[in-house]
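Structure first, then comments.
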Amino acid sequence: MSRPKSGRYCVIGAGAAGLAAAKSILDVGCDQLVVYEQTDQVGGTWVYTDSVGSDHHGLPIHGSMYSGLWTNLPKEVMGFPGYEMPTQRRSYIHSSEVLEFMKSYAGNYHVVDYVKFEHLVEQVKPVGDGQWEVIVKVLKNSESTTNTFDYVLVCNGHYFDPAIPNFPGKDVFKGLQLHSHEYRKPDIFRDRSVLIVGSGPSGKDLTIAASRQAQTVFFSHHVHEKLKHVTFPSNVVQVQDISKLHESEVEFIDGTRHAIDLILYCTGYRYSFPFLHRDCAIKVTDNRVNPLYKHILNINHPTMAFIGIPYRVCTTIMFDLQSRFAV
0 MSRPKSGRYC VIGAGAAGLA AAKSILDVGC DQLVVYEQTD QVGGTWVYTD SVGSDHHGLP
60 IHGSMYSGLW TNLPKEVMGF PGYEMPTQRR SYIHSSEVLE FMKSYAGNYH VVDYVKFEHL
120 VEQVKPVGDG QWEVIVKVLK NSESTTNTFD YVLVCNGHYF DPAIPNFPGK DVFKGLQLHS
180 HEYRKPDIFR DRSVLIVGSG PSGKDLTIAA SRQAQTVFFS HHVHEKLKHV TFPSNVVQVQ
240 DISKLHESEV EFIDGTRHAI DLILYCTGYR YSFPFLHRDC AIKVTDNRVN PLYKHILNIN
300 HPTMAFIGIP YRVCTTIMFD LQSRFAV
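The sequence shown: position 287 = 286 (numbering that gives the first Met the number 0), numbered continuously.
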């Protein structure tokens, strides 16, 4: 994405990545910018809602934030370059404080002035002369409009399309099965025999949360060497990978079986870009987005950039650097 003297920019998403992208565009003196956001506020994954399933527009709930989430990175590495988090706060903070910070960032750099809320990007397609045709639905009236841009920055996040394993017997099991994307509050664990599947950050976090409400929590993962010396609450039992589901029990690969009322899959997410036309020539294979240069630029159409693809990083710093590189 070569640095232009002028041009129309489209940013898809007003989460942390989209905010960083928009700021970088404004920083080079270009104000022909539109940020499309399908919800009614900035913040992306940091926005909490009690709702699961579909929103009031009938669209799948985008957010995966749950009540009681605290950061697993210190705030000292969660600010943006040149705009750090307030120093008076403790290092690990509640998700609502991160959302407050994102809104402050958007306001401070006037990014929010360029955001069109409740606008759903339906399709992005390359057209003649290296431009992009973007079809957007205005959710308040369900009317669709078509706009043309010179540059597109895709910042739609990757925590909204759950990856759920398909274990044998999954359709036979009569208990409750949820992905962490649908989890909101720990009351759901009360007095139940709970199985948490997956040992990522949410898996470990929700194992602890469930232990405060559930009778027993079975924690299924395949990193036993790493976690065998970790002390969990007394009602947490570490178990092997799942072999098969039965009506009221789950069988594990070592042959053991336990009665389970609720299975919570903390098994991650898939990259998903449902609005990209096939002519964009972007594919997701084995959960890898390609072909991208530096995990950012669409090699076939370098006026399209993706911000925020890598994970296990200091996200806001990466978003800022990727955006500056792209712009």
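Where a beta carbon is used, it is the ideal one built from N, C-alpha and C, also for glycine.
Within the same chain, S66 come within 6 Å of K184 by CB-CB distance, once the 5 residues on both sides are set aside. In its chain, beyond the 5 residues on either side, F116, E117 have a beta carbon closer than 6 Å to the beta carbon of D39. The residue among S322, V51, T206, A19 with its C-alpha nearest the C-alpha of F159 is V51. Of the residues Q321, P301, A21, V326, the one whose Cα lies closest to the Cα of D128 is P301.
Judged by DSSP in its simplified three-state form, L138 adopts coil rather than helix or strand.
In the DSSP assignment, T215 forms a beta bridge with S192. For V97, the uninterrupted alpha helix (DSSP H) run begins and ends at 94-107, by DSSP. The Cβ-Cβ distance between G6 and C29 falls below 8 Å. Non-local beta-carbon contacts of L175 in its own chain, meaning distances under 6 Å to residues more than five positions away in sequence, involve L261 in chain order. In the three-state scheme derived from DSSP, where H, G and I count as helix and E and B as strand, L320 is classed as helix. R269 sits in coil when the DSSP states are folded into three classes, being neither helix nor strand. 8 Å or more divides the Cβ of Y270 from the Cβ of H109.
A residue is called buried when at least 16 other Cβ atoms come within 10 angstroms of its Cβ; V126 does not meet this threshold and is exposed. Its chain contains I60 as the residues whose beta carbon lies nearer than 7 Å to that of D54, once the 5 sequence neighbours on both sides are disregarded; these appear in chain order.
Contact between the segment 66-79 and the segment 90-101 is present: three or more C-beta pairs spanning the two stretches fall below 8 Å. In terms of Cβ geometry, C265 and V151 do not form a close pair [threshold 8 Å].
Comparing C-alpha distances from V196 to each of L226, R189, I163, K173 shows the shortest one belongs to I163. Just measuring C-alpha positions, the residue of G43, E96, L226, A20 sitting nearest L32 is A20. Rounded to whole angstroms, the gap between the alpha carbons of G199 and L25 is 36 Å. For I207, the secondary structure class from DSSP, reduced to helix, strand or coil, is helix.
Annotated three-state conformation of Y65 is coil, per DSSP.
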